[in-house]
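Numbering (our numbering), first residue to last: 759 to 1589.
We put the CB at the ideal spot given by N, CA and C, even for glycine.
Contents: one structure, followed by commentary.
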RNA sequence: GCGAAAGUGGCGGAGUUGGUAGACGCGCUGGAUUUAGGAUCCAGUUCCGUAAGGAGUGGGGGUUCGAAUCCCCCCUUUCGCACCA
C-alpha cells in the first residue's frame, strides 16, 4: 500500500465518535419498528445488566458481540430489534446500600445512569426507547401479573418444607443459588430450615424442558447437556413397603427393580415426615431424635461429600418386602436425600455401592441377586464393593434368569399387576423456591385472609407498590412484615381484615420474562401485545455468559412455555440460537472482581484508544467463545491496522462512484487488478462466514490481509480502486462502526453505511488466474508449482515432473500411482 | 467418582472438516529513516542443520497415497454434576 500523509489522516476518535453517536440518535437508526415483517425480522438479545457499578470488560465483550451482529443484520436488510435494560432488583444492591447507608433504589438508579452512559459512549446500537427496568412499578406490575397467572393455574403455591437458608443474608435460596453448599452471593454455608415458602411448579414442565432441547439445534451442546443433567430425569419403579406395627406404607423409588430380592434393609432420610408417625419405641427414640438433630445441622456439603462415611441409626421398626415377605430393618440415614424420590431407599448392598458401605459398617446382610453373567457367580463374603452392572437375576423366584431391561420391566409389571408398585419417573429438578425474606424485590401480590385463604390481588390493584421504608436490614423475616400500612389490608373477596404476603420474589422471576417486555415496553394495559410477540419471537440470537446455564436459561424457558400454554406466545421456545461468550480475566487469569481490585474498565481503554480500536482489540484477541486474559498489548496490532492502514484508505478514493451492486468483468482487468479483485471477493466470502459464526478474530485477520494487499499504484481502473475501498469499509463497519461511518461519509455518501447493504461476493472471481499446487512424493511435500487455475491433471503432472526437486526424489524409482486433488495437491507414490 | 470439552511456535491464535501446519497479530532479531523515540518502513522469526535435508500439532499405537483433523490406549488442563437410589 502506498505511504500516506500522516498529518491529514489523523483519526480524531473523540470528535468522530460523538458526531456519529449524535447522528444515529437523531436519525433513530436503531429504533426497531413496532411490527416488523415476520420473515424479515431479527431479534438480537443480550442478557440485561445487573447494575452493580459500571460495566466491566466482560460486559463490554458481551455487548459488542451483540452489537456487531445487530449491525450486520441491519446491513443485510433485516428489521433489527436490539434492546437493553436493567435487572435491577436483588440482594447485592441491598447489601451495597446497607454498607453505604443509602437506599437500594438510589444506589441502583445511580449505577444505571453510569452504565447507560458508558454503553452509549461505546456506541452500542440499542433501541433505548424500549429500555426496561425491573425495579420500576411499570415493569414489576407485570412481574406480579405473571405470578398471578401462575397462581391461578396452580403453578405458584406455598408449602412447608426444609429449605436452603443463608444465615448471612437471612433469606432462603433456590437450589440453583446454592453452589458447593454455599450461598452463591456471599459464600456463606447454607443450612436447612423448616419453613413455609412460595414455589413455582417448574417440575410440571420437566419433561418438556428436556424433550424440547432436541428442537434447539442453535444451542450449544454443553448447555443442553447441563440442563438435561440438572433436570435429571430417571426412569424406574416405585415399590410399596409396609412398615410393621405402624399401619404405614412406605413407597421407595428405584431404577433397579431387578434387585428387589436383594433388599436387606431400608433407609429413610432424617427429614422424612413419616418418621414422626412411626411411634418409634422408647429405647430407639432418643437415638433417632439425636441423629435427626445432628443431620439437620450438618451442611449439605458435609452430608453429600463422597468421602464422608455413611452413618445412620436403626429405628427398631421393620419394613416388609412385598415381593417375598421378608422383614428388613428400617434405618434413618442422612445419605438418603429428603427431596428426591420418596425420601426413602431400599437397601441393596450387593448391587449398590452406597448401600454396600452402609451395610458393611453396620453388619447388615449382603444378598446377591444379580450375577455378572450366566457362568460367573458372586460370593457376598468376598465382595469388596457392590456389583452394580446388569446381569441375570438369581435368588429371585420366578424372575430368575431374566436380565437387564427385560428384568426391570418384568418386575415392574408384576408389581403393577399386584398393586404393590408402579412405573415411575423421577427428576432431580425441584420446584423453584421464589419467595425471599428481603426488601429489595418485587412484592408478592397475594393477600392472606383468615376466611378466604390466599387471595390474588386483582389486576386493577396492580402493581402492589414496594413501600419506601428506611429500615430494610435483613433480620430473618421479611422487612415488609414490619410495615403495618403495607401489611394490613382488606380482603378483596370478603372485605374482612387480611394481611399482605410480606415476601418479595427472587430476582430470577423478574428476569424470566424481560425479553418479552422489550417488545412492548410502554404498554399500560398488558404485559405485551400478543401480535407483537408472535411477530418478533423467537429471539434469533441470545448472547450471554455460560454462568446462567442451569439457572436463568431454564427459568426463562419455563416461563415462555407457560405463556405458550396460556396463549400469550405462539412458539414453544423463547430463543432459537444461544451463544455463550468466554469470560474476561485479568492478565494472570484471575476473574475480575471489585474485591480483588483487578477490574479493568472498558472506559479506560476507550478513553485512551477510542471505541472502535477497543472493540477491534477485544474481538481480535481470541475467538468469542474462549476465555480472554486481558492485556493491553492486544491493542497495539489492531490500532496500527485501524489508524495506519484502514482509515487512510478513505483518502485513496478517486471519486469514481462505482456501482456497488455490479461485478467487474475479470477479463477486462489487468493481472494485478484481477489479483486484488479476487482477494476482495475471497475476503467478502470469508468475512461473511466469520460474522455468521461470530468468529470476529478471523474476520479481522482477513481484512488485514486484504488491506495489506491493496496497492492503488497497481490499480489503473479508478472504479475498481474505489469499489475495493468501499467494500472494505462495509465489511469492517459492524466491528468498527464509527470509523466506517466517517470513511463512508468521506466517500461522499449521505446515508449511513448501515443502510448501504451487505457486500455479496462475485462467484466468478473467487479463484485467481493461477493457483499453487503442492507436489508430494510419498506424502511428503517436495515442491509447489504454479499452474493456470483451470489446468488439467495432465498439465499439473507435466509441470510437476519438470521440477528438479521432485525429480530428485523419484529418480530410479518406480511410480506406483498418482493421486491428484483438484486445485490442491498432487501426490506421487513411488517404490 | 461421573459427564463434557480441549491440548498447535516465546505468546494470543489460524488451519477450507482427511490434502502445502503455523494465516493474522504480539513479542523478538537485523536493517532503513529520524536530533531522538516506546513513531514509521523493510526483512527475518516452529525446532535441529552453513546447506542439502531431517523432525514436528500432549505421549504411544493404528487406518490411509496422505492425519492437528478419523480410531484405540495413556497423560494433562478446564468446565459441569457431585450419595439423585
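| Check | Outcome |
| --- | --- |
| Here's the rule: buried if 16 or more other CB atoms are within 10 angstroms of the residue's CB, otherwise exposed. What is residue 1486? | buried |
| Using 8 Å as the threshold, is the segment 1182-1195 in touch with the segment 980-1000, meaning 3 or more CB pairs across them? | yes |
| Tell me whether residue 798 is buried or exposed, calling it buried when 16 or more other Cβ atoms sit within 10 Å of its Cβ. | exposed |
| Excluding five sequence neighbours on each side, which residues of the same chain lie with their C-beta closer than 8 Å to the C-beta of residue 778? | 881, 1495, 1496, 1499 and 1500 |
| Are there 16 or more other CB atoms within 10 angstroms of the CB of residue 1572, so buried, or fewer, so exposed? | exposed |
| Pull up the distance between the alpha-carbon of residue 927 and that of residue 808, whole angstroms please. | 18 Å |
| So what's residue 1244 in DSSP terms, helix, strand or just coil? | helix |
| With residue 1035 and residue 1004 assumed to form a contact (beta carbons below 8 Å), what rounded beta-carbon distance in angstroms separates them? | 7 Å |
| Express the C-alpha separation of residue 970 and residue 955 in angstroms, rounding to a whole number. | 29 Å |
| Rounded to the nearest angstrom, what separates residue 1359 and residue 868 at their Cα positions? | 17 Å |
| Rounded to whole angstroms, what is the Cα-Cα separation between residue 1262 and residue 1364? | 39 Å |
| Identify which residue in 1493, 1523 and 1162 has its Cα closest to the Cα of residue 1432. | 1523 |
| Which same chain residues end up closer than 7 Å to residue 774 when comparing Cβ atoms and leaving out the 5 residues on each side of it in sequence? | 1496 and 1500 |
| At the level of alpha carbons, what is the spacing between residue 950 and residue 1120? | 27 Å |
| Which residue's Cα is closest to the Cα of residue 1563: 1535, 817 and 1095? | 1535 |
| Is residue 1094 helix, strand or coil by DSSP? | coil |
| If you run the structure through DSSP and keep just helix, strand and coil, what is residue 862? | helix |
| Can you check DSSP and say which residues form a bridge with residue 956? | 916 |
| Residue 826: which of 1558, 1446 and 1088 sits nearest, CA to CA? | 1446 |
| Could you check if residue 1429 is buried or exposed, using at least 16 other CB atoms within 10 Å of its CB as the buried criterion? | exposed |
| Buried or exposed for residue 871, going by 16 or more other Cβ atoms inside 10 Å? | exposed |
| Which whole runs of the alpha helix (DSSP H) in the segment 1305-1334 are 4 residues long or more, in chain order? | 1310-1323 |
| Relative to the C-alpha of residue 1217, which residue among 902, 820, 891 and 834 is closest? | 902 |
| Residue 1102 and residue 1008: beta carbons closer than 8 Å? | yes |
| Mind checking whether residue 806 and residue 844 have CB atoms under 8 Å apart? | yes |
| For residue 1545, I'd like the list of residues in its chain whose CB is within less than 7 Å of its CB, leaving aside the five on either flank, ordered along the chain. | 1528, 1529, 1531, 1553, 1554 and 1557 |
| Can you tell me where the beta strand (DSSP E) with residue 1073 in it begins and where it stops? | 1070-1078 |
| If we ignore side chains and look at the alpha-carbon of each, how far apart do residue 1117 and residue 1107 end up? | 6 Å |
| State the Cα-Cα distance for the pair residue 1455 and residue 1397, rounded to the nearest angstrom. | 14 Å |
| Tell whether a beta-carbon distance below 8 Å holds between residue 1421 and residue 1478. | no |
| Would DSSP call residue 796 helix, strand or coil? | helix |
| By Cβ distance below 8 Å, which residues in the same chain neighbour residue 979 in space, the five residues on each side in sequence not counted? | none |
| So, is residue 1130 buried or exposed, given that buried needs 16 or more other C-beta atoms within 10 angstroms? | exposed |
| Report all residues from its chain with a CB closer than 6 Å to the CB of residue 1237; omit the five preceding and five following residues, and keep chain order. | 1197 and 1230 |
| Measure the alpha-carbon distance for residue 1134 versus residue 1145 and round it to whole angstroms. | 12 Å |
| I believe residue 1493 touches residue 1377 by the beta-carbon criterion, under 8 Å. Please report the beta-carbon distance rounded to the nearest angstrom. | 6 Å |
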